[in-house]
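Participant:
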Amino acid sequence: MGTRQEEECWFCRQAGKAVRMKIAVIGQSLFGQEVYKELRKDSHTIVGVFTIPDKDGKADPLATEAEKDGVPVFKFPRWRVKGKAIPEVVAQYKATGAELNVLPFCSQFIPMEVIDHPKHGSIIYHPSLLPRHRGASAINWTLIHGDKKGGFTVFWADDGLDTGPILLQRECDVEPNDTVNTIYKRFLFPEGVKGTVEAVRLIAEGKAPRITQPQEGATYECIQKKDNSKIDWNQSAEALHNWIRGNDKVPGAWADIDGQKVTFYGSTLVDNSSAAKGQPLEIPGASKPGIITKAGLVLFGNDNKALLVKNLQFEDGKMIAAAQYYSSGSSTAVELTEEEKVFAEQMKAVWKSILSNVTRIEDSTDFFKSGAASMDVVSATSRSKSFLLSTLFLTLRVYPWFIAVVRLVEEVKLQASSCQLQNEDVYMNTTFQEFIQMCIRKLRGEDDKEELVVDYVEKNINNMTIKMPHQLFINGEFVDADGGKTYKTINPTDGMAICDVSLAQISDVDKAVAAAKEAFEEGEWGKMNPRDRGRLIYQLADLMEEHQEELATIEAIDSGAVYTLALKTHVGMSIQTFRYFAGWCDKIQGSTIPINQARPNRNLTFTKKEPIGVCAIVIPWNYPLMMLAWKTAACLAAGNTVVLKPAQVTPLTALKFAELAARAGLPKGVINILPGSGALVGQRLSDHPDVRKLGFTGSTEIGKHIMKSCAVSNVKKVSLELGGKSPLIIFSDCDMDKAVRMGMSSVFFNKGENCIAAGRLFVEDTIHDQFVKRVVEEVKKMKIGDPLDRSTDHGPQNHKAHLDKLVEYCQNGVKEGATLVCGGKQVQRPGFFFEPTVFTDVGDHMFIAIEESFGPIMIISKFQCGEVDDVLRRANATEYGLASGVITRDISKALYVSERLHAGTVFVNTYNKTDVASPFGGFKQSGFGKDLGQEALNEYLRTKAVTIEY
1 MGTRQEEECW FCRQAGKAVR MKIAVIGQSL FGQEVYKELR KDSHTIVGVF
51 TIPDKDGKAD PLATEAEKDG VPVFKFPRWR VKGKAIPEVV AQYKATGAEL
101 NVLPFCSQFI PMEVIDHPKH GSIIYHPSLL PRHRGASAIN WTLIHGDKKG
151 GFTVFWADDG LDTGPILLQR ECDVEPNDTV NTIYKRFLFP EGVKGTVEAV
201 RLIAEGKAPR ITQPQEGATY ECIQKKDNSK IDWNQSAEAL HNWIRGNDKV
251 PGAWADIDGQ KVTFYGSTLV DNSSAAKGQP LEIPGASKPG IITKAGLVLF
301 GNDNKALLVK NLQFEDGKMI AAAQYYSSGS STAVELTEEE KVFAEQMKAV
351 WKSILSNVTR IEDSTDFFKS GAASMDVVSA TSRSKSFLLS TLFLTLRVYP
401 WFIAVVRLVE EVKLQASSCQ LQNEDVYMNT TFQEFIQMCI RKLRGEDDKE
451 ELVVDYVEKN INNMTIKMPH QLFINGEFVD ADGGKTYKTI NPTDGMAICD
501 VSLAQISDVD KAVAAAKEAF EEGEWGKMNP RDRGRLIYQL ADLMEEHQEE
551 LATIEAIDSG AVYTLALKTH VGMSIQTFRY FAGWCDKIQG STIPINQARP
601 NRNLTFTKKE PIGVCAIVIP WNYPLMMLAW KTAACLAAGN TVVLKPAQVT
651 PLTALKFAEL AARAGLPKGV INILPGSGAL VGQRLSDHPD VRKLGFTGST
701 EIGKHIMKSC AVSNVKKVSL ELGGKSPLII FSDCDMDKAV RMGMSSVFFN
751 KGENCIAAGR LFVEDTIHDQ FVKRVVEEVK KMKIGDPLDR STDHGPQNHK
801 AHLDKLVEYC QNGVKEGATL VCGGKQVQRP GFFFEPTVFT DVGDHMFIAI
851 EESFGPIMII SKFQCGEVDD VLRRANATEY GLASGVITRD ISKALYVSER
901 LHAGTVFVNT YNKTDVASPF GGFKQSGFGK DLGQEALNEY LRTKAVTIEY
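Heads up: the sequence shown is residues 1 to 950, going by full-length UniProt numbering.
Right, dumping it as C-alpha cells:
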C-alpha cells in the first residue's frame with residue numbers, strides 16, 4: 001500500500017471511521033470469542049464464523065456470540081477427507097467473500113484452498129516466540145525448557161507447520177513458578193487478543209510486515225501426551241520443576257509410586273530443603289526419597305536441591321493434597337440439615353445441566369468420568385499443507401473440562417455466595433457425594449481439606465489448657481524462621497520463659513510480603529465480593545469470641561495485663577473492632593462529581609475507593625491484641641493484605657490470632673505475622689518496595705525513623721500513633737468522687753501502659769490537697785499481684801527494661817525536687833512489679849513534667865484558681881497531642897477548654913472512653929492518621945477519579 005493510501009487510512013481514523021475489511025474467523029474457544037468481539041468493535045465485517053460442531057447440544061462460545069449477532073456460523077465436522085479438501089465445504093467458505101482469514105484458535109485442519117483464497121491471506125496466533133517451539137504444545141515446552149522469555153506470534157499462514165512469515169510478536173517474562181495456566185491468564189490470553197486485533201489493524205492500514213522466520217533457534221517439539229510425560233528423575237531440581245509445571249494441568253507429569261501412576265501438580269522451587277520434616281516416600285528412580293510434609297511433597301533432583309509439589313492425582317482420577325498422602329483420605333460424613341438438603345438438590349440440577357449425557361445424578365456419579373472431560377480429539381497425522389493452532393491449554397484437550405469446572409464453580413457461587421470454591425476443590429472431590437460434603441463443610445466453616453498444622457505450646461493455667469502457636473505465620477502456614485532462629489518470650493509475673501518463639505529474619509519478611517502481594521493481586525481475596533469479605537471478618541470475630549478466655553489468658557501471661565481487664569478490653573474491644581469493620585466492607589463507596597462539560601459531548605466523573613495493596617503494621621506491647629485489631633480490622637475491611645510485626649516481647653496473642661484467622665477461612669497470604677526485632681523486621685518492612693502502606697504505633701523517635709525510611713524507599717503511605725503526655729485538668733467545681741475515680745483511671749489503667757494515659761494532672765489549688773489525699777488513699781487500697789487472680793488491681797509491668805526505666809524516671813523526679821508522695825520503687829517479689837506512684841509539686845521545667853513515663857506514675861501540678869487560660873497554656877506546652885481531659889461541672893468551661901486543648905481526643909468528665917466507632921489519633925508529634933471509626937478506612941484506601949466523555 002502506498003503513501004497516499006496510508007494517509008487516507010489515517011484520515012479515516014481521525015474522522016472516527018475505522019478501516020473495514022471482510023473477515024472470516026476460523027476457530028473456537030473463549031479466546032476466539034474475544035478476538036471476534038474486538039474485531040467487530042473495530043468496525044470490521046465478520047462475513048462468517050467457522051467453528052466446531054455443537055457438543056452434547058452446547059455450542060462453542062465463539063459460535064454462541066456470532067449467532068447472537070446474526071453472523072453466519074458454519075459448523076463443519078471436518079474440512080478434508082483423506083487429505084483432500086471437501087469441495088462443498090470450500091465452496092461455502094468462498095461464498096462469504098472474505099478478504100482475510102483470522103485463526104485465533106483452531107483445532108481443525110484447514111486446507112490450503114481456504115488459507116490462500118482471501119485477498120490478504122490468513123493469519124494465525126501461536127503461543128510462542130517463533131521460530132522457537134513450533135507445534136501444538138508450545139506453551140508446555142516454553143516452561144519445560146525453562147525459557148526466561150515467553151510470548152506469542154501472529155504469523156502469515158503458509159504450507160508449513162508454524163513456519164510462515166512473522167507479522168507481530170509480543171514477549172513477556174516467564175516467572176520461576178509459572179504454569180501453563182498462570183502465563184496464559186496473565187499474558188497469552190489478554191495480550192494475545194490485543195495482539196491479534198492489532199495485527200488485523202496493521203493489515204488494514206497496509207503496514208503489516210512479512211518477516212521470514214530464521215532457521216537459527218528453530219525448534220519443533222511433539223505434542224505432550226500422557227505416555228510421554230513420565231518424569232525422568234536423573235535431572236536437577238530445576239529441570240524436574242520445569243517438567244512438572246510444563247505438563248500442569250494436562251497431560252500431567254507422572255511417576256510410578258507404590259505400583260500406580262501418580263501425577264504431580266503445583267510445583268515450586270524451595271529453599272532449606274534439608275530442614276523439611278515429614279514422612280519419607282520412596283520413588284523408584286529418584287536420587288533420594290521424597291518427604292511428605294505439612295506443606296506438600298518435597299522432591300529432590302540429582303543436584304540435591306529441592307522442589308515442592310502441592311497436589312497428587314491417582315489413576316482413578318482422584319486428586320488429593322500431597323500433604324495428605326499418608327492420611328486415610330476419609331472423614332466422617334456430615335448429616336445434612338433440611339436447608340442443606342435443598343442446596344444439595346440444587347447442586348444435583350447443576351451437575352445434570354453440565355453432564356447432559358447422564359440420565360440421573362447419583363452419589364457415586366463422577367464429574368469427569370461422566371462426560372465433563374469428554375470431547376472429540378482430532379488426529380494429528382499428515383500435517384503438511386494444513387494448520388493446527390495450539391493455544392489455551394495444550395490444544396483442545398484441556399479446554400472442555402476446564403470450562404466445565406469453571407462453570408460448576410460459578411454455579412455454586414450463584415447458589416451460595418458464601419461457598420467460595422477453587423477449581424482444585426472440584427478436582428479433589430470428583431464424585432457428587434464428595435462434592436456435596438465438601439461444599440457443606442465449607443458452608444459450615446468446617447472445611448478441613450487443607451488441615452492447618454500448628455505446633456502448639458500447651459500450658460494448663462487459669463483453669464484451662466491454652467494452646468499457643470509459636471512459629472512465624474506466612475502464607476497460611478506456621479513455619480520456622482530462616483535458619484531456625486528463636487528467642488524466649490518472658491512472663492512478667494515471674495520473669496520466667498513462657499516458650500521459644502521464632503525470630504523472623506529479612507528473608508522471612510520478603511517471603512511474607514511476596515505472599516501478601518500474591519494474595520492481593522492474584523488470589524481469591526483480591527477478587528472477593530466485599531460482602532463475602534465482611535462475612536469472613538465476622539466469622540473471625542465469632543471465633544475470637546469463642547476463644548476469648550484463652551486469648552485473655554495468653555494476653556495476661558505474655559503482657560502482664562490483669563485478666564479481667566484483658567477479657568473486657570484487650571480481647572473484648574478487639575472482637576468489637578472486627579465486627580464493626582466487617583460491617584463496613586460493603587459500604588465503601590465513591591461519589592459522582594459534576595465537572596465542566598466538553599461540549600458538544602458530555603462528561604461523567606466519579607471516584608472509586610480502592611485498597612492500597614500490601615500493608616505493613618507494626619504494633620506495640622501495651623495492648624498486643626487490641627492494637628492489632630485497631631489497625632488490621634480496617635486494613636482487611638478495605639480489601640488489603642497484611643504483614644504484621646507484633647512487639648518482640650508480646651508475640652503470642654498475635655500468633656493465636658493468626659491461627660483463628662486461618663480457621664475462619666481467610667485465604668492464604670492475607671494475614672502474615674512476623675515476631676522479631678524492630679531493627680530488622682520493622683526496618684525491612686519500612687524499606688520494602690512492595691509494601692504500599694505502613695501503620696505504626698510506638699514511640700515518636702521510632703516513628704520519625706519509620707517515616708523517613710518509608711519516604712526514601714517508595715514514598716509509602718504512613719499513619720503514626722506515637723507518644724503522648726496527655727494533660728488532665730481538674731477544676732475546683734468538679735464532682736470530687738468522680739474526679740478521683742477518673743484521675744486514678746487516667747493514670748493507673750492497664751498499669752499505666754496506656755498511650756493516652758494522663759501524663760500530667762493539673763489540679764486547681766483550692767482542691768489540690770484534698771484531691772491528693774483522696775488519691776493516695778485509693779492507691780493504698782490497690783492490690784498488686786498475679787494478673788490471673790481475679791482480685792488483682794495492678795499487675796506487673798510488661799518487661800524488665802521498662803521496669804528499670806520507671807525506676808530511673810522516679811529517681812529523676814526526686815532529684816529535680818518533686819515530692820514523691822508514695823511509690824516510686826520496684827515491688828520486692830519475683831517478676832516486674834512496680835508500685836503505683838504519686839508525685840506532687842511538679843514544676844513545668846522538670847523532666848517528669850515533660851517526658852512520658854508510660855507507667856503507673858501520677859504527676860500532679862497545681863494551678864491558681866480561675867486561671868483557665870494559663871492552665872491551658874501550660875497543658876498545651878508540649879510537643880505531644882494525643883489525648884487530654886477536663887473535669888468540671890461547668891459545661892461552658894468544659895467546651896471552652898476542649899476547644900483550646902491541642903489534642904486529637906478530649907475527654908470531658910470521663911477518661912479512657914474509646915469506642916470502635918470514634919476516630920482515634922493525635923496531633924503534633926503524637927502522629928497523624930486515625931484508628932477506629934469510618935475515618936480509619938481512609939488510611940487503607942486510595943481514591944481514584946475516573947472521567948468519561950460520551
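The C-beta atom is built at its ideal place from N, Cα and C for all residues, glycine as well.
Values in this document were obtained by computation on a predicted structure and should not be read as measured data.
1. With burial defined as no fewer than 16 other Cβ atoms inside 10 Å of the residue's Cβ, what is the status of CYS222: buried or exposed?
2. Flag ILE46 as yes if its beta-carbon sits less than 8 Å from any beta-carbon of chain D, otherwise no.
3. Kindly list the residues whose CB is nearer than 6 Å to the CB of SER122, restricted to its own chain and excluding five residues on each side of it in sequence; keep chain order.
4. Sorry if obvious, but does the Cβ on PRO787 come closer than 7 Å to a heavy atom of the ligand MN?
5. What are the start and end residues of each continuous alpha helix (DSSP H) run of 4 or more residues lying completely inside the segment 89-133, in chain order?
6. Would you list, in sequence order, the uninterrupted alpha helix (DSSP H) runs of no fewer than 4 residues that lie entirely inside the segment 855-927?
7. Kindly indicate which three-state DSSP category ASP256 falls into: helix, strand or coil?
8. Roughly how many angstroms lie between the CA atoms of TYR809 and SER853, to the nearest whole one?
9. Output needed for THR465: all residues of its chain with C-beta closer than 8 Å, excluding positions within five of it in sequence on either side, in chain order.
10. Among TYR896, TRP630 and ALA255, which one has its Cα closest to the Cα of PRO284?
11. Considering only their Cβ atoms, is the gap separating VAL47 from residue 952 smaller than 8 Å?
12. With a threshold of 16 other CB atoms inside 10 Å of the CB of SER390, please say whether the residue is buried or exposed.
13. Contact check, PHE920 vs LEU932 under 8 Å by CB: the rounded distance?
14. Can you give me the Cβ contacts of ASN429 inside the same chain, cut-off strictly under 8 Å, excluding the 5 residues immediately before and after it?
15. Hey, quick one: how far does the beta strand (DSSP E) through THR153 stretch, first residue to last?
16. Within the chosen definition, does the segment 899-908 reach the segment 863-876 through at least 3 CB pairs nearer than 8 Å?
17. Please name the residue in ALA739, THR493 and LYS488 whose C-alpha comes closest to that of VAL649.
18. Should THR910 be labelled buried (16 or more other beta-carbon atoms within 10 Å of its own) or exposed?
19. Which parts of the UniProt domain "Formyl transferase C-terminal" (225-327) are runs of the beta strand (DSSP E), unbroken and 3 residues or longer, counting only runs that do not cross its ends?
20. Let me confirm a value: TYR880 is counted as buried when at least 16 other C-beta atoms fall within 10 Å, else exposed. Which label applies?
21. Are the segment 32-41 and the segment 191-200 touching by the rule of at least three beta carbon pairs closer than 8 Å?
22. With DSSP run on the structure shown, which of helix, strand or coil describes SER356?
23. Looking at the structure shown, is GLY83 part of a helix, part of a strand, or coil, going by DSSP?
24. Would you decide whether TYR940 is buried or exposed? Buried here means 16 or more other CB atoms lie within 10 Å of its CB.
25. Excluding five sequence neighbours on each side, which residues of the same chain lie with their C-beta closer than 6 Å to the C-beta of ARG383?
26. Given this structure, state the Cα-to-Cα distance separating ALA95 from PRO72, to the nearest angstrom.
27. Can you find at least 3 beta carbon pairs, one from the segment 788-797 and one from the segment 552-566, that sit closer than 8 Å?
28. Report the residue from LYS318, THR293 and VAL270 whose alpha carbon sits nearest the alpha carbon of ASN304.
29. For PRO689, tell me which candidate among ASN357, ALA616, ILE673 and GLY192 has the shortest Cα-Cα distance.
30. Using DSSP's beta-bridge definition, name the partner residues of CYS499.
31. Can VAL670 and VAL642 be called in contact, C-beta distance under 8 Å?
32. Could you check the C-alpha separation between VAL842 and ILE848 for me, to the nearest Å?
33. Ordered along the chain, which non-local residues of its own chain (more than five positions away) have a Cβ less than 6 Å from that of GLU113?
34. Please work out which residues of its chain come closer than 8 Å, Cβ to Cβ, to ASN912, disregarding the five sequence neighbours upstream and downstream, and give them in chain order.
35. Any idea what DSSP makes of GLY933, helix, strand or coil?
36. Per DSSP, ALA758 is paired with what?
Facilitator: Taking the structure as given:
1. By the 10 Å Cβ count, CYS222 comes out exposed.
2. Any reference to chain D falls outside this structure, which holds one protein chain only.
3. ASN101, ILE115 and ALA157
4. Ligands displayed in this structure: none; no statement on the ligand MN is therefore possible.
5. The segment 89-133 contains these whole alpha helix (DSSP H) runs: 112-115.
6. For the segment 855-927, the continuous alpha helix (DSSP H) assignments of 4+ residues that do not extend past its boundaries occur at 868-876 and 891-900, in sequence order.
7. strand
8. Distance between the alpha carbons of TYR809 and SER853 is about 7 Å.
9. Taken in chain order, the residues that qualify are GLU458 and LYS459.
10. ALA255
11. No statement about residue 952 is possible, as the shown extent of the chain runs from 1 to 950 and does not include it.
12. Any reading at SER390 is ruled out, since the residue's pLDDT is 36, under 50, leaving its predicted position unreliable.
13. 5 Å
14. PHE435, GLN437 and MET438
15. Looking at the DSSP string, the run of the beta strand (DSSP E) that includes THR153 is 149-156.
16. yes
17. LYS488
18. exposed
19. 253-257, 260-270, 279-281, 290-293, 296-300, 306-313 and 319-321
20. buried
21. yes
22. coil
23. Coil.
24. buried
25. Residue confidence for ARG383 is low, a pLDDT of 29 falling below 50, so the modelled location carries little weight; the figure read from the coordinates is stated next. Closer than 6 Å at Cβ, skipping near neighbours: LEU161.
26. Distance from the CA of ALA95 to the CA of PRO72, rounded to the nearest whole angstrom, comes to 11 Å.
27. Output reads yes: the segment 552-566 touches the segment 788-797.
28. Looking from the CA of ASN304, the closest CA among LYS318, THR293 and VAL270 belongs to VAL270.
29. ALA616
30. According to DSSP, CYS499 bridges with THR489.
31. yes
32. 8 Å
33. If we look at GLU113 and ignore the five residues flanking it on each side, its Cβ neighbours are ALA85 and VAL90.
34. Within the same chain, ASN912 has close Cβ partners SER745, SER746, PHE749, ASN754 and ILE756.
35. helix
36. Per DSSP, SER726.
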